[in-house]
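Engineer:
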Amino acid sequence: MTTNINMDAFWMPFTANRDFKNQPRIIERAEGVMYYTNEGQEILDATAGLWCVNAGHGRTEIADAVSKQLRELDYASPFNFGHEIGFEFANRLIKHTPASLNKVFFANSGSEAVESALKIALQYQKSRGKGGKTKFLGREMAYHGVNFGGISVGGLTPNRTGFGPLLPVDHLPHTLDIANNAFSKGLPEQGIDKAEALEQLIHFHGADSIAAVIIEPMSGAGGVIMPPQGYLKRMREICDQYDILLIFDEVITGWGRLGSAFASEEFDVVPDMITSAKGITNGVIPLGAVFVKDEIHDQIVNNVAVGGIEFYHGYTYSAHPVACAAGIATLDIYENEGLLNRASGDIGTHFENKLHSLKDAPKVIDVRNYGLVGAVQFDASVAANGPIGLDFQKGCYQRGVMVRTMGNIVAFSPPLTIEANHIDRLVNVLRETAEEMFG
Ligand code: PLP
4 MTTNINMDAF WMPFTANRDF KNQPRIIERA EGVMYYTNEG QEILDATAGL
54 WCVNAGHGRT EIADAVSKQL RELDYASPFN FGHEIGFEFA NRLIKHTPAS
104 LNKVFFANSG SEAVESALKI ALQYQKSRGK GGKTKFLGRE MAYHGVNFGG
154 ISVGGLTPNR TGFGPLLPVD HLPHTLDIAN NAFSKGLPEQ GIDKAEALEQ
204 LIHFHGADSI AAVIIEPMSG AGGVIMPPQG YLKRMREICD QYDILLIFDE
254 VITGWGRLGS AFASEEFDVV PDMITSAKGI TNGVIPLGAV FVKDEIHDQI
304 VNNVAVGGIE FYHGYTYSAH PVACAAGIAT LDIYENEGLL NRASGDIGTH
354 FENKLHSLKD APKVIDVRNY GLVGAVQFDA SVAANGPIGL DFQKGCYQRG
404 VMVRTMGNIV AFSPPLTIEA NHIDRLVNVL RETAEEMFG
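Residue numbers (my numbering): 4 to 442.
1) Taking 8 Å as the cut-off, does the CB of TYR146 come closer than this to any heavy atom belonging to ligand 1?
2) Leaving out the 5 sequence neighbours to the left and right, which residues in its chain are closer than 6 Å to THR100 when beta-carbon positions are compared?
3) PHE354 and VAL367 - do their beta-carbons sit closer together than 9 Å?
4) Would you call the CB atoms of ASN83 and TRP258 closer than 9 Å?
5) State the Cα-Cα distance for the pair HIS359 and LYS197, rounded to the nearest angstrom.
6) Report yes if the C-beta of ALA116 is less than 8 Å from at least one heavy atom of ligand 1; otherwise report no.
7) Okay, do the region 314-331 and the region 387-407 touch, 3+ Cβ pairs below 8 Å being the bar?
8) What is the DSSP secondary structure of GLN203, reduced to helix, strand or coil?
9) Could you please give the first and the last residue of the uninterrupted alpha helix (DSSP H) stretch that includes PHE108?
10) Please go through the region 137-161 and give each complete beta strand (DSSP E) segment of 3 or more residues, from N-terminal end onward.
11) Once DSSP output is grouped into helix, strand and coil, what is the label at GLY85?
12) For a minimum of 4 consecutive residues, which ranges assigned as the alpha helix (DSSP H) are wholly contained in the region 231-278?
13) Going by C-alpha distance, which of GLY225, PRO220, ILE97 is nearest MET144?
14) Quick one: is PRO168 buried, meaning 16 or more other Cβ sit within 10 Å of its Cβ, or exposed?
15) In whole angstroms, give me the CA-to-CA distance for ALA346 and LEU375.
16) Quick check on the DSSP output: the alpha helix (DSSP H) that includes ASN183 runs from which residue to which?
17) The alpha helix (DSSP H) that contains ILE331, what's its start and end?
18) Report whether the distance from the Cβ of LEU53 to the nearest heavy atom of ligand 1 is below 8 Å.
19) Counting pairs of beta carbons, one from the region 41-60 and one from the region 267-279, are three or more of them closer than 8 Å?
20) I need the straight-line Cα distance from LEU433 to ARG371, nearest angstrom please.
21) Would you mind reading off the limits of the alpha helix (DSSP H) that contains ILE303?
22) Are the beta-carbon atoms of GLY194 and ASP180 separated by less than 9 Å?
23) Can PHE251 and ALA266 be called in contact, C-beta distance under 9 Å?
24) By the DSSP assignment, the alpha helix (DSSP H) with ASN25 in it spans what residues?
25) Just to confirm, does ALA224 get its C-beta within under 8 Å of one of the non-hydrogen atoms of ligand 1?
Pasting the structure below:
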């Protein structure tokens, strides 16, 4: 491939920079579920950008709302000043959150939402006289963004090593169990017992030292790992028993990915806080949020004299009016087009059936899915020269499909607007690429 772009200055994040510059993949335009490259190639976006463009690309409704907002009120400080659209957006958001989570703290990204949630947890514990509860429990293979709190509770080794010392944390085991659950459709049957590790860690550290447990209801970046049946409910029970907050990081699972607005609703488990970002604005303007139980908010806010600042935390761009305008337009689309439940309908079933048809493709050891998210895992033996990820991703891209890879796992999370013929194209390309590379 050739390009005239000078690529010297931009240090690309989470990218093999030198490799990329030798073989650039430049996206020029997007529409619906398609990207178009600077060489005119059409690429099926099987990843919704980076798990975020849930309503598909090029939504003019959002562009119009953003443009209107920029002309009306481009920016105003969220510290001790307000603007109508921030309140309006918060009110709209909580129509979709569990009934007891009615407070919204705005950030600019998933990473910031996670940091905010961790700090809210600490502040809450302190304000109710439990200041000894300062530790967090995360989970192996978890991704909670890249800030220091997030990498502390996160469980992806390369993201942690090299950046310590980190916060005082411990980690639960992940729930990926190919030996017992390979080729599961939906939630795996085996593995509820893994939740018991939470009680063991609580006994080990002492409940009085633990502020909160944070988990992704479904781990995304760690390799699309579904919670075993009953696992999340058991986590909730144990947290209640030991007076520990439960935070669901729904940065990926929020906004329709699993067939409901949130995994919390889909799996009928209510956490104390939910972190959100990505699909909250269809990925088009950065915005993150924490949805907080009323009693947590009230405990913190009511504990301080009127006129006093209750929570020494916030961002210049918290509730940025332009991001709120994008978010409201996004919610309009989700609601008007029924997108938040689309993954649980026929399209989700088609996705599941087609994906599982790859069971006999070369070196496939697992296929797993829920709603409109799925993964195919290859045998580690194919990785003689290191993980296959980047090569497999390039192979699919050359064939006109964008996928996401982690080691020997290939993940898919298409826009919720995807149609059956796109899914067929994705699966054909996966099979062709696997046959070429490992056949
Ligand atoms: N939490 C989860 C579960 C994520 O998947 C991500 C990003 O993929 C983040 C947090 C971080 O979000 P951001 O990249 O917007 O900071």
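Every residue gets a Cβ at the ideal spot worked out from N, C-alpha and C, and that includes glycine.
Structural biologist: In brief:
1) Yes, Cβ of TYR146 sits closer than 8 Å to a heavy atom of ligand 1.
2) Here the set comprises PHE294.
3) A distance of 9 Å or more separates the beta carbons of VAL367 and PHE354.
4) The answer is no: Cβ separation not under 9 Å.
5) If you take the alpha carbons of HIS359 and LYS197, they lie about 26 Å apart.
6) Answer for ALA116: yes, Cβ within range of ligand 1.
7) Too few Cβ pairs lie closer than 8 Å, so no.
8) GLN203: helix per DSSP, three-state reduction.
9) In the DSSP annotation of this structure, PHE108 is not part of any alpha helix (DSSP H); the continuous beta strand (DSSP E) holding it starts and ends at 104-110.
10) Fully enclosed beta strand (DSSP E) runs of 3 or longer: 138-142.
11) Three-state result, GLY85: coil.
12) DSSP runs (the alpha helix (DSSP H)) wholly in the region 231-278: 234-244, 266-270.
13) With distances taken between Cα atoms, MET144 lies closest to GLY225.
14) Of the residues assessed, PRO168 falls on the exposed side of the cut-off, its CB having fewer than 16 other CB atoms within 10 angstroms.
15) Going from the Cα of ALA346 to the Cα of LEU375 covers about 5 Å.
16) Counting along the chain, the alpha helix (DSSP H) containing ASN183 begins and ends at 181-184.
17) Going by DSSP, ILE331 is part of the alpha helix (DSSP H) stretching over 324-339.
18) Taking 8 Å as the cut-off, the C-beta of LEU53 counts as close to a heavy atom of ligand 1.
19) Between the region 41-60 and the region 267-279, the count of Cβ pairs shorter than 8 Å is below three; the stretches do not touch.
20) Straight-line Cα distance between these residues: approximately 15 Å.
21) Taken as a continuous stretch (DSSP letters only), the alpha helix (DSSP H) holding ILE303 covers 297-304.
22) Yes, they are a contact pair.
23) For PHE251 and ALA266, yes; Cβs fall inside 9 Å.
24) Going by DSSP, ASN25 is part of the alpha helix (DSSP H) stretching over 20-25.
25) Under cutoff, so the answer is yes.
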